[in-house]
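One structure is given here, and the rest of the page talks about it.
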Amino acid sequence: MMKRIKSVMFALWICLSFILTIASGSFVILYIFIKGFKSVDLEFLLSNPGGIPIGTEGGVFPAIIGSILLMLIAIVFASILAIATAVYIVFYCRSQRLENIADAIIQCMAGVPSIVLGLFGYSVMVVTFNMGRSLLSAGLTLGLMIFPFIQVRVEKAFQEFSRSAINASYSLGVSKVYTIFKLVLPQCRRDIVSSITLAGGFAMGAAAPIMLTGAVIFAPVPKSLSSPVMALPLHLYILANEGISMEKAYATALVLIALLIIINIFAMTLTLWRKEVKR
Amino acid sequence: MKTAFDKVSVFLVKVLTLFSLLLLSFIIIFIFKEGYTFFKEVPILKFITGTTWNPTGDPKKLSIFNIILGTLYVSIVAIVIALPIGIGCALLLSGYVKERPRLIIRGFIDIIAGIPSVIFGFIGLMVLVKFFEKAFGFASGESVLAGGILLAIMVLPYIISTCDETMDKLYRAYSPVAQAMGISKIYILRTIVLPQSLRGIAAAAVLAFGRAMGETMAVMMVIGNAPIMPKLLGKCQTIPSLIALEMGMAEVGSLHYHALFAAGFVLMAILLILNIALYYVKRSLDR
Chain A
1 MMKRIKSVMF ALWICLSFIL TIASGSFVIL YIFIKGFKSV DLEFLLSNPG GIPIGTEGGV
61 FPAIIGSILL MLIAIVFASI LAIATAVYIV FYCRSQRLEN IADAIIQCMA GVPSIVLGLF
121 GYSVMVVTFN MGRSLLSAGL TLGLMIFPFI QVRVEKAFQE FSRSAINASY SLGVSKVYTI
181 FKLVLPQCRR DIVSSITLAG GFAMGAAAPI MLTGAVIFAP VPKSLSSPVM ALPLHLYILA
241 NEGISMEKAY ATALVLIALL IIINIFAMTL TLWRKEVKR
Chain B
1 MKTAFDKVSV FLVKVLTLFS LLLLSFIIIF IFKEGYTFFK EVPILKFITG TTWNPTGDPK
61 KLSIFNIILG TLYVSIVAIV IALPIGIGCA LLLSGYVKER PRLIIRGFID IIAGIPSVIF
121 GFIGLMVLVK FFEKAFGFAS GESVLAGGIL LAIMVLPYII STCDETMDKL YRAYSPVAQA
181 MGISKIYILR TIVLPQSLRG IAAAAVLAFG RAMGETMAVM MVIGNAPIMP KLLGKCQTIP
241 SLIALEMGMA EVGSLHYHAL FAAGFVLMAI LLILNIALYY VKRSLDR
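Put into structure tokens, the structure is as follows:
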């Protein structure tokens, strides 16, 4: 009897947990969609914010473009570093010890909170190198944030790559570099693109690193790398926290979440497709 | 035979790797360097044990004991809420959900993990804080509890995916034998999978705790940001929100500016220690 009660309690616990998880996630997404749906139209997407205080009227066009530009800079910077590091660790590093140290370093980097990266970006890029609050400083800071994210996934993809195909290539006398460029990278392309896309979404939603390094309350679409930008997450924060316009805040949140869901689903289809092919 | 292209690419890969691996030390050194100016004026012990944070007063009082406590408190509340839910959900996923629906559910959980913290903060502000105000008649619903609940939802995906990895392996290893012996799924999950995945659960808890402590936006929007002794239903302040709120006001080079870097350094030090611990736990898991 005791056993039965334990089993039932256990079943109840895991079912409830599952329902709670799915419910809380769906609630967040649905709530934003329902509340924001009626305020989003083409005009909102394509016009500048206006009104006094700024943001009470108009749209979020510069913020959308700003967020996309920030994401692009971040992923270019981070993926170059991440792919190079993964290539080195998997194909060139001969000492197990060095490999362990590198893994530990990357794990620690992933654990550095985004606001500390913001501080770092601020003191190094904005203050020391005098780059000012700019698209470039903010983009690079976001790059620092997503570098470990991409590196871990790319390294995993390389490690899962068939060793025998690589050895076959070596034994045919093909050089290591050629093998990597012509065999490994093209075959892992889907994994790499999918992790970069996911990381891009992650960068796009982050507000903490950019609020110190380059995102501002209002700026037109940036003309150069050194101009300040608007970004969706910071715009949303300002609208909501200062109580400027809740209607616009819901709409901004909806635009941001919709962009991120599209990015996520794109990345997921890439990996899913790969799994189907392997089977 | 190596061509020039080979040599150049190998060289580039090495330089870029060196650069990426040195980034962490750059970050630590820079934050420490800026914080060190502050530690020269205020001893580190006084900084982390004093309770008053008042950057505008005269003389300035800059100590972060309450703020460190607030950071830990909010994160602990979050883990206490999220851990049982995450473990339960991971158990259900590894025992009861088939390959295909599982991919979809994992995808959905990844989407939750990808929702930016500012959106969670916004919802917290509009729903949780308002709810506390109405339901309990608080003057202000901004509280440690609101922050904890919000963070719990945010760290759930990390807990679920870390636990699920370990539990899935265990379940697959034991279920054919156990089922052949006529033992029910529930019994396998409860008596074998759950106790055996303790280390995986520990790793998940540490990972989530680290995430929670470093979280800025969502927490900042719902905890009220008052550097006082934290109480479950009262306002508090966390290190990330302190930095995010005050960095814009602090004049470059002032004591306040350096104090914020010092606070960042303390936070980073705690998280680095946590992550090194996590690294060893994970390594022992993989063996």
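Protein chains in written order, with the UniProt record's numbering: chain A, 1 to 279; chain B, 1 to 287. Glycine included, each C-beta is placed from N, C-alpha and C at the ideal position.
Query, Result
"Bounding residues of the alpha helix (DSSP H) (the contiguous stretch that carries Pro163 (chain B))", "A small fix is needed here, since residue 163 (chain B) is Cys in this sequence, not Pro. Element bounds for Cys163 (chain B): 144-180."
"Selected residue, minimal CA-CA separation from Ser245 (chain A), among A:Gly55, A:Leu81, A:Phe33", "A:Gly55"
"N-terminal and C-terminal residue of the alpha helix (DSSP H) that Pro209 (chain A) is part of", "208-213"
"Interface residues of the segment 5-16 of chain A facing chain B [CB-CB below 8 Å]", "Lys6, Ser7, Phe10, Ala11, Trp13, Ile14, Cys15, Leu16"
"Ile54 (chain A): first and last residue of the uninterrupted alpha helix (DSSP H) it sits in", "From DSSP, Ile54 (chain A) is part of no alpha helix (DSSP H); its letter is neither H nor E."
"Separation of Val28 (chain A) from His258 (chain B), as counted between CA atoms", "38 Å"
"7 Å Cβ cutoff, residue 311 (chain B) in contact with chain A", "For residue 311 (chain B) there is no data in the structure shown, the boundaries of chain B being 1 and 287."
"Per-residue contacts from Leu81 (chain A) into chain B (C-beta, under 9 Å)", "Leu16, Thr17, Phe19, Ser20, Leu23"
"Residues, ordered as in the chain, of the segment 219-234 of chain A that lie near chain B by beta-carbon distance below 7 Å", "Pro233"
"Cβ-Cβ distance between Tyr279 (chain B) and Ala104 (chain A) below 7 Å", "yes"
"Beta-carbon neighbours of Gln107 (chain A), restricted to chain B and to distances below 9 Å", "Asn275, Ile276, Leu278, Tyr279, Lys282"
"Extent of the continuous alpha helix (DSSP H) run through Gln237 (chain B)", "Run containing Gln237 (chain B): none; DSSP gives neither H nor E here."
"8 Å Cβ cut-off: residues of chain A touching Gly214 (chain B)", "Gly111, Val112, Pro113, Ser114, Ile115, Val116"
"Min CB distance Asn130 (chain A) to chain D below 7 Å", "As a matter of chain content, chain D is missing from the structure shown, whose protein chains are A and B."
"Interface flag, Phe158 (chain A) vs chain B, CB-CB below 7 Å", "no"
"Near-chain A residues of the segment 97-116 of chain B - C-beta to any C-beta below 8 Å", "Leu103, Ile105, Gly107, Phe108, Ile109, Asp110, Ile111, Ile112, Gly114, Ile115, Pro116"
"Other residues of its chain near Arg83 (chain A): CB distance less than 6 Å, five sequence neighbours each side excluded", "The residue asked about is misnamed: residue 83 (chain A) is Ile in this sequence, not Arg. Around Ile83 (chain A): Val154."
"Cβ neighbours of Val74 (chain B) in the same chain (closer than 8 Å, five flanking residues each side left out)", "Val144, Gly147, Gly148, Leu151, Ala212, Val219, Ile223, Pro230, Cys236, Thr238"
"C-beta neighbour in chain B for Gly243 (chain A), strict 7 Å", "no"
"Cut-off 6 Å between Cβ atoms - residues of its own chain near Ala240 (chain A), not counting five sequence neighbours on either side", "Ala249"
"Rounded Cβ spacing between Ser20 (chain B) and Leu81 (chain A) (contact assumed at less than 8 Å)", "4 Å"
"Rounded straight-line distance, which links the Cα of Ile64 (chain B) to that of Pro55 (chain B)", "11 Å"
"Short CB-CB distance (under 7 Å) between Thr21 (chain A) and chain B", "yes"
"Cβ of Leu260 (chain A) within 7 Å of any chain B Cβ", "yes"
"Three-state secondary structure assigned by DSSP to Val154 (chain A)", "helix"
"Short CB-CB distance (under 7 Å) between Val90 (chain A) and chain B", "no"
"Best match in B:Gly121, B:Val15, B:Gly86 for proximity to Ile109 (chain B) [C-alpha to C-alpha]", "B:Gly86"
"The segment 187-207 of chain B contacting the segment 18-36 of chain B, beta-carbon criterion three pairs below 8 Å", "no"
"Check: Leu83 (chain B) C-beta below 6 Å from any heavy atom of the ligand COA", "Annotation note on the ligand COA: not contained in the displayed structure, which lists no ligands."
"Short CB-CB distance (under 7 Å) between Asp6 (chain B) and chain A", "yes"
"Expected contact under 8 Å - CB spacing of Tyr174 (chain B) and Ser7 (chain A) to nearest Å", "No, Tyr174 (chain B) and Ser7 (chain A) are not in contact; Cβ-Cβ is about 17 Å, not under 8 Å."
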